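*Asks:* Quick note: the sequence shown uses the working numbering, first residue 20, plus one each step.
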Amino acid sequence: MHKTQISIPILIFGLFSALLFLAPFFKSIVNLGNVTGMIISLFLIIYGLFFPKINHIIACFWKKPIGKIILSLSGILCFLILLLTIIITVCLVNAAFQKPPKNTNAIVLGCAVHGTSPSLMLQRRLKAALHYLEENPSANAVLSGGKGPGEDITEAQCMFEYLTTHGISEKRLYLEDQSENTKQNIEYSKKILQQIQTEKEITIITNEFHQYRASLLAKNAGFTPYSINGQTLFHLLPTYYIRELYAVLYQWIANF
């Protein structure tokens, strides 16, 4: 196969990837996910543009003893990163498909609020929570999330207003409005759940990519977690997926 035939798909994929990771920037979403994605995309674009020259440099470098060592170690590192990515991905997918028993009490994990309105990601979680509570009329829900920068009300209050406006009785909703991260979401919600239930089963309502890390924390707190997912929009999923790879790795290290 001609070298140009190989370089063109690499270039096209790099450009498509760049657009995919650039899109969240226009929604003021900037995190390790899209930053990492942009760096990878830039590498692919450069490689696609200068495919023959870069391969020639690599071939020349390989002929030197130090070059062979560096390239071999780089290859091993890339393989380990790929293997780790596959393992975490399997964990993420598996955790997102743990269907809860009927009428299991839920924790709805908070996300950003813009002023008093739920962010796009929180809207997805709230739609999933609304559907779950409608389908499980005996289930209660802890709405978990404090007040962060740029938020005029707590995430818990924002979720409460959305769900009650859409017909869910306030008697079924419990506000946990002090937490600042997922770990605190689970720990602080546990104190509330201990007052309203004796069983250990809970349903975690969050985005699919977030379920595994939330389930790890829930298990650490003594729960048996199940999942109901707020579906992430396609163009945002790569950004949050890569960010979650970092977060899961950090959680594994913290639990070690």
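Even for Gly, the Cβ is constructed at its ideal location relative to N, Cα and C.
For clarity, every value in this text was computed on a predicted model and none was experimentally measured.
Any contact between the stretch 117-132 and the stretch 167-180? By contact I mean 3 or more CB pairs, one from each, below 8 Å.
*Replies:* At 8 Å Cβ cutoff, the stretches touch.
*Asks:* Exposed or buried, which one is Leu236 when buried takes at least 16 other CB atoms within 10 Å?
*Replies:* Per the 10 Å Cβ criterion, buried.
*Asks:* Report all residues from its chain with a CB closer than 7 Å to the CB of Phe32; omit the five preceding and five following residues, and keep chain order.
*Replies:* Leu63, listed in sequence order.
*Asks:* Bridge partners for Asn276 per DSSP, in chain order?
*Replies:* The question about residue 276 has no answer, for the chain in this structure spans 20 to 275.
*Asks:* Using the DSSP secondary-structure output, state which residues sit across from Pro137 in a beta bridge.
*Replies:* Note: Pro137 sits in a beta bridge opposite Val132.
*Asks:* Tell me whether Leu255 sits in a helix, a strand or coil according to DSSP, three-state version.
*Replies:* The answer is coil: DSSP assigns Leu255 none of H, G, I, E or B.
*Asks:* I'd like the span of the beta strand (DSSP E) that includes Ala160, first residue to last.
*Replies:* Taken as a continuous stretch (DSSP letters only), the beta strand (DSSP E) holding Ala160 covers 160-163.
*Asks:* Tell me which same chain residues have a C-beta within less than 7 Å of the C-beta of Ser60, skipping the five on either side of it?
*Replies:* Gly33, Ser36, Ala37, Phe40, listed in sequence order.
*Asks:* Output the boundary residues of the beta strand (DSSP E) element that contains Glu195.
*Replies:* Element bounds for Glu195: 192-195.
*Asks:* Would you call the stretch 81-99 in contact with the stretch 228-244, where contact means no fewer than 3 C-beta pairs closer than 8 Å?
*Replies:* Segments in contact, no.
*Asks:* Rounded to a whole number of angstroms, what is the C-alpha to C-alpha distance between Lys202 and Ile272?
*Replies:* If you take the alpha carbons of Lys202 and Ile272, they lie about 14 Å apart.
*Asks:* Using beta-carbon positions only, say whether Pro43 and Leu255 come within less than 8 Å of one another.
*Replies:* Their beta carbons are under 8 Å apart, which means Pro43 touches Leu255 by this criterion.
*Asks:* Within this structure, are the beta carbons of Thr251 and Phe228 separated by less than 8 Å?
*Replies:* The answer is yes: Cβ separation under 8 Å.
*Asks:* By how many angstroms is the C-alpha of Ile106 removed from the C-alpha of Thr222?
*Replies:* Cα-Cα distance, rounded: 24 Å.
*Asks:* Given Ser138, which residues of its chain have a CB within under 8 Å of its CB, disregarding the five upstream and five downstream residues?
*Replies:* Only Cys130, Ala131, Val132 meet the Cβ criterion.
*Asks:* Look at the alpha carbon of Pro71 and the alpha carbon of Gly134, and state the distance between them as a whole number of angstroms.
*Replies:* Roughly 52 Å separates the two Cα atoms.
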